[in-house]
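Engineer:
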Amino acid sequence: MDRSVKRMVKLIEEDADSFAKKAEMYYQKRPELLTLVDEFHRMYRSLAERYENITGELRKTSPVELQSQGSGFSDVSSSDITAELNRLSRPPSRRAPGFDYFLGSGGGLPSDVYHNKDGDDSASVTDSELESDDSSSVTNYPGYASVGSDFQYLTKRVADLDLELREAKERVRMQLEGNTESLMMTRVKSEFVDYPAKLAACEQELRDANEKIQNSEDQVYMLKSQLARYLPPELDDEEALASTQDVDVDVETLSEELRITTLRLREAEKENGIMRREVERSRCDDAKLKSLQSLLDSAQKEIAAWKSKSTADRREVAKLQDRVSMM
Numbered sequence: 001m002d003r004s005v006k007r008m009v010k011l012i013e014e015d016a017d018s019f020a021k022k023a024e025m026y027y028q029k030r031p032e033l034l035t036l037v038d039e040f041h042r043m044y045r046s047l048a049e050r051y052e053n054i055t056g057e058l059r060k061t062s063p064v065e066l067q068s069q070g071s072g073f074s075d076v077s078s079s080d081i082t083a084e085l086n087r088l089s090r091p092p093s094r095r096a097p098g099f100d101y102f103l104g105s106g107g108g109l110p111s112d113v114y115h116n117k118d119g120d121d122s123a124s125v126t127d128s129e130l131e132s133d134d135s136s137s138v139t140n141y142p143g144y145a146s147v148g149s150d151f152q153y154l155t156k157r158v159a160d161l162d163l164e165l166r167e168a169k170e171r172v173r174m175q176l177e178g179n180t181e182s183l184m185m186t187r188v189k190s191e192f193v194d195y196p197a198k199l200a201a202c203e204q205e206l207r208d209a210n211e212k213i214q215n216s217e218d219q220v221y222m223l224k225s226q227l228a229r230y231l232p233p234e235l236d237d238e239e240a241l242a243s244t245q246d247v248d249v250d251v252e253t254l255s256e257e258l259r260i261t262t263l264r265l266r267e268a269e270k271e272n273g274i275m276r277r278e279v280e281r282s283r284c285d286d287a288k289l290k291s292l293q294s295l296l297d298s299a300q301k302e303i304a305a306w307k308s309k310s311t312a313d314r315r316e317v318a319k320l321q322d323r324v325s326m327m
């Protein structure tokens, strides 16, 4: 039992560098702690059964031996016989460390039967109490009941720690995912800063193209008007044909330039639409980034709370170790 207690204390005292590592250690040591608790339960149950068997044998044999020797010791008073019975049925004064702690504050013994005073064990057992104790079984043993309650408490505590460990792992995983998303959102936000400048440049290029197209159309109209107004009617056919060809060349040149400008205008409009969609998407990402940032802040607050709770648990473990070392 002493070795088992030292082993459990050693498991509890082990520490880790980070909260995640400590949670992983608790999760790995949980089966071993459950095994030690089960081993303690079996040990104390075996001790309780042995104690019941020994006290039962003493209760059966001691009165018979005293009656057979009564004729040879007629000067012995009834108080001496009672003292002898008390001495024979007295429990051992020294117990293994940790026995009183696991059986309760009174060591699992009834307070009206055994009383400790000034460090010496003294007991007073009456005949009626001995007769009533003969009918009791191991299940009615006070220490056994205390062990059962302690075992249930430890089992519940281990289950709670297991649940808290899983929740802590989930929070750590969510925090890591949140950090990854936060980095991605930061990168998107840095790109979003350049979008307004690009959009303004595209819009300016679009306005320039529209102005150029309008100027080309105006120039074509003016050339046609001048051709119709200033062409003399008595001009021979060759000169008229040459002038018409020159005007046609100018018109074709302007038409080609107009076609190229129109294509560039369409490409600019297409790029402008893409940029607008990117801006809208970036705005949505910015809102999502703000929500993720709030979630990250709450996760950090929860981590701080878990750290404080871990410190409190460590203090509680230190108190338990002090109590075990004092036994």
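For the sequence shown, the UniProt record's numbering gives the first residue as 1, with consecutive numbering after it. Note that the Cβ used here is the ideal one computed from N, Cα and C, for glycine as well.
#1: Reducing DSSP to helix, strand and coil, say where Ile12 ends up.
#2: Taking 8 Å as the cut-off, decide whether the C-beta atoms of Met174 and Ala299 are in contact.
#3: Between the beta-carbon of Leu206 and the beta-carbon of Leu265, is there less than 8 Å?
#4: Counting only C-beta atoms, is Tyr44 closer than 8 Å to chain B at any point?
#5: Grab me the residues of Leu29's own chain with a C-beta within less than 6 Å of its C-beta, minus the 5 sequence neighbours each way, in chain order.
#6: Should Met326 be labelled buried (16 or more other beta-carbon atoms within 10 Å of its own) or exposed?
#7: Given a threshold of 16 other Cβ atoms within 10 Å of its Cβ, counted over all protein chains shown, does Ala318 qualify as buried or as exposed?
#8: Any idea what DSSP makes of Asp322, helix, strand or coil?
#9: Excluding the 5 residues flanking Glu39 on each side, which residues of the same chain have their C-beta closer than 7 Å to its C-beta?
#10: Check whether the Cβ atoms of Thr261 and Ala209 sit closer than 8 Å, and answer yes or no.
#11: Do you know whose CA, among Leu258, Gln204, Ala268, lies nearest Val220's CA?
#12: Between the C-alpha atoms of Asp160 and Arg277, what's the straight-line distance to the nearest angstrom?
#13: Cα-Cα, which of Ala287, Asp2, Lys290, Arg171 is closest to Lys301?
#14: Rounded to whole angstroms, what's the CA-CA distance from Leu66 to Ser46? Just pull it up for me.
#15: Given this structure, state the Cα-to-Cα distance separating Ser225 from Gly273, to the nearest angstrom.
Structural biologist: According to the structure shown:
#1: helix
#2: yes
#3: yes
#4: The displayed structure is made up of one protein chain only, and chain B is not part of it.
#5: In the sequence on display, residue 29 carries Lys and not Leu. Cβ neighbours of Lys29 beyond the five flanking positions: Leu11.
#6: exposed
#7: exposed
#8: helix
#9: Ser4
#10: yes
#11: Leu258
#12: 50 Å
#13: Arg171
#14: Reliability of the predicted coordinates at Leu66 is poor, the pLDDT of 48 falling under 50, and the value obtained from them is presented with this limitation in mind. Their Cα atoms are separated by approximately 30 Å.
#15: 38 Å
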